[in-house]
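Novice:
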Amino acid sequence: MNLILILTVIFSQAFSAHHEHGGETKAASPLPGSSIFQLKSEWTNQKGGKIKLTDLQGSPHLVVMLYTRCETACPLIVADLKKVAEDAGAAPGKIEVSIFSLDSFRESAESLSAFAAKRKLPPFWGLFTSDANSVAELAASLGVRYKRLPNGDFIHSNVIYFLNKNGEIVTQKEGIGSPRVEFIKNIKKNI
Amino acid sequence: MKLIALIFFLTYTSIVLGKEVEVPKTIYVPVFKDPGDVDIEIGPILIDETPVTNKEFLKFVKKNPQFARSKILRLYADNNYLSHWISDTLLKKNEQELPVTYVSWFIARKYCAAQGKRLPTIAEWEVASDAQNPTFNDKILNWYAKPGSDLRKVGAEPGNKFGVKDAHGLIWEWVDNFSETIMSGDSRGGSSTDSLFCGGASLKAKDPRLYATFMRFAFRSSLNAKYSLPNLGFRCVKDKGVVK
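Just so you know, the sequences run in chain order A and B. The opening position of the first sequence corresponds to residue 58 in the working numbering, with each subsequent residue numbered one higher. The opening position of the second sequence corresponds to residue 3 in the working numbering, with each subsequent residue numbered one higher.
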């Protein structure tokens, strides 16, 4: 009798999960619950195109958050990211590279595109900007800590994240100029 | 008759909707400044008189079943989320009026947004809680010294100069921009306790008032948006005069 009851509960839960279509849950989606790609936010890229984080699923990603007006740490983190991308074998469809701006106040498709040109970023890299709420949620999901100063600059953690094709954080490289070897090894193990 | 109706209405709304108190426009002077930091003007805001209770949070979960304990995405909360409840929608009777705890930053934000409100900023919370008032020193430090003390009903003690209750001595509270608190150069380096103790050693706080504030900042710097902790709850605010 107890067994039947338990089974009924299990089945009814499985059943109701399939019928769930609340705004935040995607029961039908194959994405794991901890996937960054579960975030619903919409972003504008350097070409003015709109994407949703969900659209990024399917390829592993190298991800950083920075702001393009930054003149001290960001050129260094971009240089670091270029080396990591090269060593990891980043290429369209294989490992994508995405830069998300922390600066929802001043970033635009134009400033992103100017940054990509100035830093000579490979054309397949994606640069994205969105509103303050979307930035806060993505940063919180990744674990990026940041603070906007009154002059419009940001203090922020410098971390390169590697997400698998389902949007789960597999490994991360903390700090500018820290050794790449272990990070690259972890990436290659998880492609 | 009209008066009775009015009194009834006021009592009813304060019970059902939760009472808010006003914090006027105030200049907040940060105790710990990063280079480039300046004083911040906050308010006027309306802030919840008391932290959000289990009962209030249950109402929200019933309306938004995707935030129930068994349905919540791991992205939004760790597996301690609402773990003190009997089930997805069942509370122990004596927990109804206790502040809700075991809630993550993500869901605290969503709760406030659902009420047309938001989480307070660090500056707003520090001002509204009157945390720099020296008369609270002993209370704050005594409480910080006893981690995991039992929770009690919200609103049991008199409010501070704004009428804000339970700001000290009951729970820690989420603030919207907790991640701004970066105690060490790279907050991701080492565990949260490492950075807490490194910070503690380097600060050499002799002023107990500074020490209490430091404890709050160290605590915030150790948080992650998914954390759902036994003594961490929240309350909401809205800008005064803004109707959403």
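Heads up, the beta-carbon is just placed ideally off N, CA and C, and yes, glycines get one too.
1. Grab the span of the beta strand (DSSP E) containing VAL23 of chain B for me, first residue to last.
2. Quick check: is the beta carbon of GLU128 of chain A nearer than 9 Å to any beta carbon in chain B?
3. From the DSSP output, read off the bridge partner residues of PHE219 of chain A.
4. Give me the chain B residues within the contact set of PRO207 of chain A, using Cβ-Cβ distance strictly less than 9 Å, ordered along the chain.
5. At 7 Å on the CB atoms, spell out the chain A contacts of ARG76 of chain B, in chain order.
6. How would you call ILE142 of chain B, buried or exposed, if buried means at least 16 neighbouring beta carbons within 10 angstroms?
7. Taking buried to mean at least 16 other C-beta atoms within 10 Å of its own C-beta, is ALA227 of chain B buried or exposed?
8. Please report how far the alpha carbon of CYS131 of chain A lies from the alpha carbon of MET122 of chain A, in whole angstroms.
9. Which residue marks the beginning of the beta strand (DSSP E) containing LEU48 of chain B, and which one marks its end?
10. Entirely within the stretch 79-132 of chain B and at least 4 residues each: give me those alpha helix (DSSP H) ranges in chain order.
11. Return helix, strand or coil for ARG205 of chain A, following the three-state DSSP convention.
12. Tell me which same chain residues have a C-beta within less than 6 Å of the C-beta of ILE44 of chain B, skipping the five on either side of it?
13. Count the other CB atoms, across all protein chains shown, that sit within 10 Å of the CB of GLN114 of chain A; report buried if there are 16 or more and exposed otherwise.
14. Anyone know if the C-beta pair for ILE252 of chain A and LEU77 of chain B falls short of 9 Å?
15. Where does GLU167 of chain A fall in DSSP's three states?
16. Counting only the same chain and skipping the five closest in sequence on each side, list residues whose C-beta sits under 7 Å from that of TRP176 of chain B.
17. Let's test the definition: count the other Cβ atoms within 10 Å of the Cβ of VAL238 of chain A and tell me whether it reaches 16, buried, or not, exposed.
18. For a quick check, are the C-beta atoms of GLU252 of chain B and LYS167 of chain B less than 9 Å apart?
19. PHE185 of chain A lies in the beta strand (DSSP E); which residues open and close that run?
20. Which value, in whole angstroms, describes the spacing of the CA atoms of GLU194 of chain A and ASP39 of chain B?
21. Using three-state DSSP, classify ASP160 of chain A as helix, strand or coil.
22. Since ARG237 of chain A meets chain B, which of its residues come closer than 9 Å, beta carbon to beta carbon?
23. Indicate the three-state DSSP secondary structure (helix, strand or coil) for THR129 of chain A in the structure shown.
24. If we call anything under 9 Å between Cβ atoms a contact, is LYS242 of chain A one with ASP137 of chain A?
25. So, is the C-beta of LEU96 of chain A closer than 9 Å to a C-beta in chain B?
26. Mind checking the stretch 183-208 of chain A against chain B and listing, in chain order, the residues whose C-beta falls within less than 9 Å of any C-beta there?
27. Do VAL141 of chain A and ILE156 of chain A have their beta-carbon atoms positioned less than 9 Å apart in this structure?
28. For the beta strand (DSSP E) containing LYS107 of chain A, name the first residue and the last one.
29. Name the chain B residues that come within less than 9 Å of ILE212 of chain A, Cβ to Cβ?
30. Could you compute how far the alpha carbon of VAL154 of chain A sits from the alpha carbon of PHE219 of chain A?
31. Starting from PHE108 of chain B, find everything on chain A with Cβ-Cβ shorter than 8 Å and list it in chain order.
32. Specify whether the stretch 65-79 of chain B and the stretch 131-139 of chain B touch according to this definition: at least 3 beta carbon pairs, one from each stretch, less than 8 Å apart.
33. Quick check on ALA227 of chain B - is its C-beta less than 9 Å from some C-beta in chain A?
34. On the CB-based measure, 16 or more other CB atoms within 10 Å of its CB, does ASN56 of chain B come out buried or exposed?
35. Does the distance from the CB of ARG126 of chain A to the CB of SER168 of chain A come in under 9 Å?
36. Measuring only between beta-carbons, confirm whether ASP178 of chain B sits less than 9 Å from chain A.
Specialist: Judging by the given coordinates:
1. In the DSSP assignment, VAL23 of chain B falls within the beta strand (DSSP E) that extends over 22-25.
2. Chain B, which has no Cβ nearer than 9 Å to the Cβ of GLU128 of chain A, makes this no.
3. A:LEU119, A:THR228, per the DSSP bridge assignment.
4. For PRO207 of chain A, the residues of chain B that pass the 9 Å Cβ criterion are GLY38, ASP39, VAL40, ILE42, in the order they occur in the chain.
5. Near ARG76 of chain B (Cβ distances below 7 Å), the residues of chain A are GLY90, SER91.
6. With 16 or more Cβ atoms within 10 Å of its Cβ, ILE142 of chain B is classed as buried.
7. Of the residues assessed, ALA227 of chain B falls on the buried side of the cut-off, its CB having 16 or more other CB atoms within 10 angstroms.
8. Answer to the nearest angstrom: the Cα atoms are 9 Å apart.
9. Per DSSP, the continuous beta strand (DSSP E) segment holding LEU48 of chain B begins and ends at 47-50.
10. Listed in chain order, the complete alpha helix (DSSP H) runs (minimum 4 residues) inside the stretch 79-132 of chain B are 107-116, 124-130.
11. Of the three classes helix, strand and coil, the one that applies to ARG205 of chain A here is strand, per DSSP.
12. Once the five neighbours on either side are set aside, the close Cβ partners of ILE44 of chain B are THR28, TYR30, ALA125, GLU126, VAL129.
13. Buried is the label assigned to GLN114 of chain A, since at least 16 other Cβ atoms lie within 10 Å of its Cβ.
14. The displayed coordinates of chain A run from 58 to 248. Any statement about residue 252 of chain A would go beyond what the structure contains.
15. In this structure, DSSP gives GLU167 of chain A a helical state, which the three-state scheme calls helix.
16. Correct list, in chain order: TRP107, ALA110, LEU121, LEU234, PHE236.
17. Here VAL238 of chain A is exposed, its C-beta having fewer than 16 other C-beta atoms within 10 Å.
18. As displayed, chain B neither begins before 3 nor continues past 246, which places residue 252 of chain B out of reach and without an answer.
19. Per DSSP, PHE185 of chain A belongs to the beta strand (DSSP E) from 183-186.
20. Computed Cα separation, rounded: 23 Å.
21. Here ASP160 of chain A sits in coil by DSSP.
22. Within chain B, no residue comes near ARG237 of chain A; the closest Cβ sits about 17 Å away, beyond 9 Å.
23. Note: THR129 of chain A maps to coil in three-state DSSP.
24. No.
25. Answer yes: the Cβ-Cβ gap between LEU96 of chain A and chain B drops below 9 Å somewhere.
26. For the stretch 183-208 of chain A, which is checked against every Cβ of chain B, the residues closer than 9 Å are ASN190, ALA193, GLU194, ALA196, ALA197, SER198, GLY200, VAL201, ARG202, TYR203, LYS204, ARG205, LEU206, PRO207, ASN208.
27. No, they are not a contact pair.
28. Residues 107-109.
29. Here the neighbours are ASP36, PRO37, GLY38, GLU182, ILE184.
30. When only Cα atoms are considered, VAL154 of chain A and PHE219 of chain A end up about 9 Å apart.
31. Under the 8 Å cutoff, chain A gives GLU194, ALA197.
32. With a cut-off of 8 Å, the stretch 131-139 of chain B and the stretch 65-79 of chain B do not count as touching, because too few Cβ pairs lie within range.
33. The Cβ of ALA227 of chain B sits closer than 9 Å to at least one Cβ of chain A.
34. ASN56 of chain B is buried by the Cβ-count criterion.
35. Yes, they are a contact pair.
36. Answer yes: the Cβ-Cβ gap between ASP178 of chain B and chain A drops below 9 Å somewhere.
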